[in-house]
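A quick write-up on the structure given underneath.
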Amino acid sequence: MATVPPRRRSTPRKFWPRFFQYLVLSFITLIIIVPLVILVFSSLKTTGEMFLSPYTIPNPPHWENYSGILSAPSFWIFLRNSIIVMVASTAGVLAVCSLAAFVFARMKFRGKELAFNFLTLGLMFPITVAIMPVYLVIRQLQLTDTFIAVILVQTAFGISQNMLILRGFFLAVPVELQDAASIDGCTSFGFFWRVLLPLVRPALAAVGALTMIVSWNDLLTPLVILDSQNLWTLPLGTMQFQGQYSSDLAVVAAFVALSALPAIIFYLFAERQIVAGLTAGAVKG
Amino acid sequence: MEIPAVRNVTESYHIRRSSRRIQDKVTIVLFLAPAFILFLAFLVYPILRSVYFSMFDWNGLGPAVDYVGLDNFKDILTDTVFMRAVGNCLLIVVLSLGIQLPLALALAIMVGRDLPGRAFFRLIFFMPYVLSEVITGIIWMGLFNADPSRGLVNALLVLIPGVKPQGFLSDINQVMGVIFVVLTWKFFGLHMLLYLAGLQNIPREIEEAALIDGANRWQLIQNVTIPLLSSTIRTTILLSVLGSLTQFGLVWTMTGGGPVNASEFMATYMYRFAFKRFLLGYGSAVALVMLLICLTFSVAYMRLARQEDYQVSW
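Residue numbers (our numbering), protein chains in the order written: chain A, 103 to 387; chain B, 333 to 646.
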């Protein structure tokens, strides 16, 4: 018996735990996937079919719900608005945070620690807590019902976390590189712009992808600031559409599926960046 | 032709150094300015101002003149609806820490470092996180519909003999449970992802050493894996607590705080008073109470986390 190699003995012992693992994981996978599948099924039915057979595969699929939504302007307007806000907020966060992160990672000055701690105060409370006070300031600046207000607020609340993430990445760039650049006559800004930023492109992609998701899904900021329907972003528009057509579940399902689609496509392409951003953010302080 | 005198080497060095220093100062100021201006204008100043407005009975029209002192705070703290909102938030905090995070941790350990199909499960489990709360809310409103011919959950329930369809979102005793289930569906993937990243950082040798020392799988998890994940676990606790305390979008989409305030959260309460009833003074006070609760949690967490770090880093 002692001559039996341990490896062969472990194979049958490993089978049942593995089986159990996959059983549990497959079950959870089902719980995640089924709601989305039901949504797509519903969106491809007529309202009558929804009542007769709500959970079956649509046979034949009815694309009318989709074509109805896509031929009306409102979905496209919400989509455009969401894209404008998302692109501008992401650009804002990347610019503001990489500048500040560079100073904290690479420069020496008095009061540095104080300034740094001050800018990370935002980690202690999410935007929800401050949206009411922020609204009063937006009103005072007469910026209600403008994209610029949404963009500024989203950027301001993205500073703490993203500055922290970028600083971590900047610190990982060897100091020798900056010394070499400095000896070659490179200014601080020159080093930042021509050496550092190209080196940390993956970090910028991670922060950018994360900010895009946060901005794209933000409900509260646009809800509070934007009144005019032609300025609404997708979450606002989806919520309003659901309220308006709540009796017509198939159409609502199609609208929801359409507004989920950009996020899911983006996720499938940028999963690596999103994950990198989130995990870098979680290893803070 | 006059030849310009060659400048003393040390002199030119000093000039270069001081000009470099001025340049650095300008860089620091210019680079920090955007972050500071945005931060002051949209974070610090608003909160300080809301301290002022919280002492007025003000509907937002015209200047705030009706000074009421701390009455708004007294009204908030004696309002049973607000207390219910605080209770609901704390309920979600407790359920998240007691069920959602352990579930995410168990799944992360189960997927581990090298289970075949690891990337697939991570991709699927994390997907709900990228869907907006509005989309998530609408999808689950459909699934939890009280009518079995419209809501899948009830349709499955009535297959069990003797079980009647449940009210779910329209039942004041079930609505919080439903909201917790949906929150878990959306967010457990985030926590699991963070745990997976933490697991990646645990050196394989430590686990192998424990196995050679005769530890079984359970002892390994309990005495090696979880202690080494402690900093990740603490981070997810903070994220989860702050998220639960300030939850808005999902609840607003699914129930709007109803039925009869049964699913009121602090944020929905604030939104209703500030933006539906335009009681901006009262709304400011609610925002400040929420802020104080969040700050208390954050500061307590940082104290505890720092202490533990100190103990661990022998």
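Every residue, glycine too, gets a C-beta built ideally from N, C-alpha and C.
All values derive from a computational prediction rather than experimental measurement.
Neighbour flag for residue i against chain B, beta carbons, 8 Å
i      : result
Y157/A : yes
P137/A : yes
L301/A : no
T289/A : yes
F271/A : no
Q375/A : no
T257/A : yes
F227/A : yes
L351/A : yes
S330/A : no
Y347/A : no
T246/A : no
Q123/A : yes
L254/A : yes
S361/A : yes
G170/A : no
M188/A : no
Q263/A : no
V142/A : no
F117/A : no
L380/A : yes
Minimum Cβ-Cβ distance from residue i to chain A less than 8 Å
i      : result
Q551/B : no
R381/B : yes
R445/B : no
F476/B : no
Q432/B : no
M586/B : no
I471/B : yes
C626/B : yes
R482/B : yes
F374/B : yes
G509/B : no
G613/B : no
G581/B : yes
S350/B : no
Y377/B : yes
D356/B : yes
E465/B : yes
Same chain, Cβ closer than 7 Å to residue i, five either side skipped, listed in chain order
i      : result
F388/B : A396, D398, Y399, V400 and G613
E539/B : L552 and V556
L221/A : A202, I261, S262 and M265
V466/B : G581 and T585
Y347/A : V353 and V354
Cβ shell of residue i (< 6 Å), same chain only, five flanking positions each side left out
i      : result
M314/A : M188 and T192
L525/B : F458
G383/A : Q263 and I267
G392/B : F610 and L612
Own chain, CB closer than 8 Å to residue i, minus 5 neighbours either side, in chain order
i      : result
A606/B : L612, Y614, G615, S616, V618 and A619
R604/B : G589
L627/B : none
C572/B : First, the residue type needs correcting, since residue 572/B is Ser and not Cys in the sequence shown. Here the set comprises V425, S428, L429, Q432, L433, F519 and H523.
M209/A : S290
Closer than 7 Å: residue i CB and nearest the ligand COA heavy atom
i      : result
C626/B : By its list of ligands, the structure shown contains no ligand whatsoever, and the ligand COA lies outside what it can speak to.
In chain order, each alpha helix (DSSP H) run of at least 4 residues that lies wholly inside the stretch 381–416 of chain B: You should have 403–410.
What are the uninterrupted segments assigned as alpha helix (DSSP H) that are 4 or more residues long and contained completely in the stretch 448–506 of chain B, given in chain order? As summarised for the stretch 448–506 of chain B, the continuous alpha helix (DSSP H) elements at least 4 residues long and confined to that stretch are 450–462, 465–475 and 484–489, given in chain order.
Interfacial residues, the stretch 197–212 of chain A to chain B, with Cβ spacing under 8 Å: Close to chain B, meaning a Cβ-Cβ distance shorter than 8 Å, are the following residues of the stretch 197–212 of chain A: A197, V198, C199, L201, A202, F204, V205, M209 and F211.
Contiguous alpha helix (DSSP H) assignments of at least 4 residues, all confined to the stretch 496–556 of chain B: Considered as a whole, the stretch 496–556 of chain B harbours 507–532, 536–544 and 549–552 as its complete alpha helix (DSSP H) runs of no fewer than 4 residues, in chain order.
Let me know the alpha helix (DSSP H) ranges lying completely inside the stretch 260–345 of chain A, each 4 residues or longer, listed in chain order. With a minimum length of 4 residues, the continuous alpha helix (DSSP H) runs that stay inside the stretch 260–345 of chain A are 277–285, 303–319 and 322–327.
Can you pull out the residues from the stretch 295–326 of chain A whose beta carbon lies closer than 9 Å to at least one beta carbon of chain B? Using a CB distance below 9 Å, the part of the stretch 295–326 of chain A facing chain B consists of I315, W318, N319, D320, L321, L322, L325 and V326, ordered along the chain.
Jot down the residue ranges of each uninterrupted alpha helix (DSSP H) in the stretch 129–198 of chain A, minimum 4 residues, whole runs only, in chain order. Within the stretch 129–198 of chain A, the complete alpha helix (DSSP H) runs of at least 4 residues are 149–154 and 166–173.
Select from the stretch 448–463 of chain B all residues with a C-beta closer than 7 Å to any C-beta belonging to chain A, and list them in chain order. Sequence-ordered contacts of the stretch 448–463 of chain B with chain A read F453, L455, I456, F457, M459, P460, V462 and L463 [C-beta pairs closer than 7 Å].
Under 9 Å, CB to CB, which of the residues in the stretch 555–579 of chain B have a partner in chain A? Residues are counted here when their Cβ sits less than 9 Å from a Cβ of chain A; for the stretch 555–579 of chain B these are S563, T564, T567, T568, L570, L571, L574, G575, L577, T578 and Q579, given in chain order.
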